[in-house]
Every structure is written in structure tokens, then in C-alpha cells.
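Residue numbers (the UniProt record's numbering): 1 to 276.
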Amino acid sequence: MDKLKVGICQMIITTDKDKNLEKAENMVNKAVEKGAKLVVLPEIFNCPYSNKYFPKFAESYPEGRTIKFLSNLAKEKNIYLIGGSIPERDKEGNIYNTSYTFDNKGNILGRHRKVHLFDIDIEGGISFKESDTLSYGKDITVFDTDYGKMGVAICYDIRFPELIRLMALKGARIIIIPAAFNMTTGPAHWDPLFKVRALDNQVYMIGAAPARDENSPYVSYGNSIITDPWGSIVNKLDEKEGILVEDLDLGKIDKIRNQLPLLKHRRTDLYDLKLI
Ligand SMILES: O=C(O)CCC(=O)C(=O)O
Numbered sequence: 001m002d003k004l005k006v007g008i009c010q011m012i013i014t015t016d017k018d019k020n021l022e023k024a025e026n027m028v029n030k031a032v033e034k035g036a037k038l039v040v041l042p043e044i045f046n047c048p049y050s051n052k053y054f055p056k057f058a059e060s061y062p063e064g065r066t067i068k069f070l071s072n073l074a075k076e077k078n079i080y081l082i083g084g085s086i087p088e089r090d091k092e093g094n095i096y097n098t099s100y101t102f103d104n105k106g107n108i109l110g111r112h113r114k115v116h117l118f119d120i121d122i123e124g125g126i127s128f129k130e131s132d133t134l135s136y137g138k139d140i141t142v143f144d145t146d147y148g149k150m151g152v153a154i155c156y157d158i159r160f161p162e163l164i165r166l167m168a169l170k171g172a173r174i175i176i177i178p179a180a181f182n183m184t185t186g187p188a189h190w191d192p193l194f195k196v197r198a199l200d201n202q203v204y205m206i207g208a209a210p211a212r213d214e215n216s217p218y219v220s221y222g223n224s225i226i227t228d229p230w231g232s233i234v235n236k237l238d239e240k241e242g243i244l245v246e247d248l249d250l251g252k253i254d255k256i257r258n259q260l261p262l263l264k265h266r267r268t269d270l271y272d273l274k275l276i
């Protein structure tokens with residue numbers, strides 16, 4: 001299948017889980033009405049992005065309410081659903097920033113626990129320390145779909161070229177990043193990161209962000225985006241709530257890889273990248 005219509009739901013996130021799930025459902029429905037076959041929600045879409053809320057909102061697999069909600073929605077709408085991410089608690093009580101992906105029967109295809117935690121302190125700008133409440137994921141997430149292999153990483157993960165390259169080497173042709181950049185790093189780094197990761201791995205990159213809410217403790221940059229294997233922006237949103245639906249031309253991946261064989265030209269006799 002050479003074409004895939006994808007939908008990104010850039011939603012406002014509140015302190016009310018019911019409202020967040022209702023909003024996600026409405027926006028997924030609208031994306032599906034526009035023909036989307038794969039729909040993506042933002043990072044931490046059921047909970048405010050704050051260490052104060054992660055433990056309160058955390059859910060466990062398989063009984064977690066949001067996890068069941070996402071599975072049912074994927075099945076009912078007959079879509080691939082990348083469920084943004086949610087605070088997830090394991091049996092030992094550790095909490096992760098986790099993205100669940102479902103196929104069109106509601107089965108789990110992938111579970112990505114954010115690998116790189118966002119612990120930063122920028123003078124005059126943003127400070128955040130996810131590791132105050134969250135634990136580190138340990139896996140690279142790539143899975144099969146009817147449209148070829150895809151991978152999921154979360155927000156700060158995009159800054160680590162080795163991770164995204166390993167996903168591409170594992171065969172991912174579309175890499176989906178539920179994310180919530182902020183007003184310090186978003187204007188400076190968001191577009192260039194999506195462009196360069198797409199062009200150096202010759203993949204489609206999809207970034208799904210929350211809409212901007214100036215009253216939130218963490219103000220999201222928004223600007224959900226799709227970049228193509230040439231490194232061009234296919235389309236993007238502004239900061240407001242909205243849905244982006246676009247056709248991906250999957251034939252473009254091999255076309256560009258054949259004309260400009262970057263992955264083949266790697267000098268693995270000189271250097272190599274391996275999964276530990
Ligand atoms: O890398 C950035 O600038 C933003 C990352 C972030 O907000 C996150 O990982 O949640």
C-alpha cells in the first residue's frame with residue numbers, strides 16, 4: 001500500500017481525565033471522517049504535563065481506563081491508533097511516560113516507554129525534571145503494519161540521533177513522535193529536529209503535540225508536524241487546537257533512498273551503531 005492518510009489530533013489538555021478522553025474521542029472521530037487510517041494523539045494526552053499529576057493519573061496495563069478506551073476506539077473506528085502517551089504504572093510501582101499503539105482490531109502493536117527523560121534547566125527558560133517521578137524505558141519500539149514498519153519514540157527521544165537511526169535500521173519507515181515541546185525549545189528546535197531526522201534517515205516523521213494553553217503550568221509549543229524523507233515539511237499546524245490530515249506517499253521513501261543511498265553508504269567498516 002503506497003498511500004497512507006494520517007491524522008494528528010492537536011488537543012487542549014485539562015486537569016479532568018474524563019474531558020481529555022472525550023476530547024480525544026471527538027478529535028479522532030473527526031480525523032476518521034476526513035479519511036485518516038492512522039491517527040496520532042499527543043504526549044501525555046490524558047493528564048496535565050506535570051510531575052504533580054503523573055502519579056495521580058497513572059494507569060496500569062491491562063485494566064487501565066485510558067488503555068481500554070484507546071483499544072476500543074481503534075477497533076470501533078477501524079484505524080491504527082497511536083495513543084499519544086500516558087503516565088503508566090508497572091507492577092513494582094514505577095511510573096513511565098508510555099505510548100501504546102493499537103491496530104484496527106484493538107490489539108496492542110507496540111508499547112514505548114520514553115527512553116530519554118526530560119531533565120533540563122535552561123537559564124531564563126524552561127526547567128523540568130521528569131526523573132523526579134518517572135522511570136526510564138529500556139526498549140526501542142518498531143512494529144509491523146499493513147503499511148510497512150513503523151516506530152514510536154516520545155518527545156525528548158527525538159533529540160538522540162542514535163535512537164532514531166537504530167529505529168530506521170530496524171526497518172521503520174514512518175517514525176511517530178508524540179511530543180510536547182515548550183516555549184523555550186519549541187521555536188528554536190522543533191522544526192529543525194523533525195526535518196533533519198526525516199532527511200538523514202529518509203523516513204516520514206510525524207510529531208503530535210498538545211495545543212497551546214497559556215494558563216497551563218507547562219505551555220506547549222503546538223505546531224504538530226509531518227516531514228518527508230527529503231526533509232521537507234509536508235504540513236503543520238499552528239499553536240491552536242486542530243486536526244491535521246495528510247496523505248503520505250510511501251513510494252517516496254524508496255525513490256529517495258535509491259537516488260541518494262545514504263543508508264547504504266554508511267561506512268560500517270569504520271564506525272558502527274549497535275543496540276546494547
Ligand atoms: O526536548 C525538548 O525541548 C522538549 C522535550 C519535552 O518536553 C519532553 O520530553 O517532554
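The C-beta atom is built at its ideal place from N, Cα and C for all residues, glycine as well. Predicted, not measured: the structure shown is a model, and the values here were computed from it.
In chain order, what residues of the same chain lie with their CB nearer than 7 angstroms to the CB of G125, ignoring the 5 residues before and after it?
-> T184
D249 bridges to which residues according to DSSP?
-> K3
Give every residue of the same chain whose Cβ lies closer than 6 angstroms to the Cβ of S127, excluding the five residues on either side of it in the sequence, and list them in chain order.
-> D121
Closest by CA to K255, which one among V245, R267, D238, P229?
-> P229
Per DSSP, which residues does T101 bridge with? Please list them.
-> I82, G110
Between the C-alpha atoms of L134 and E88, what's the straight-line distance to the nearest angstrom?
-> 9 angstroms
Is the stretch 191-205 touching the stretch 45-60, taking contact as three or more C-beta pairs under 8 angstroms?
-> no
Going by the CB atoms, is the gap between L73 and L38 shorter than 8 angstroms?
-> no
Tell me whether I36 is buried or exposed, calling it buried when 16 or more other Cβ atoms sit within 10 Å of its Cβ.
-> The residue asked about is misnamed: residue 36 is Ala in this sequence, not Ile. Burial call: buried.
Helix or strand or just coil, what does DSSP make of C47?
-> coil
Shortest alpha-carbon distance to L248 belongs to which of L21, K77, G148?
-> G148
In DSSP terms, what V28 is bridged to | DSSP lists no partner for V28.
Relative to the alpha-carbon of G222, which residue among G7, M11, V6, D2 has its alpha-carbon at the smallest distance?
-> M11
Starting from G186 and walking both ways along the alpha helix (DSSP H), at which residues does that stretch end?
-> 185-201
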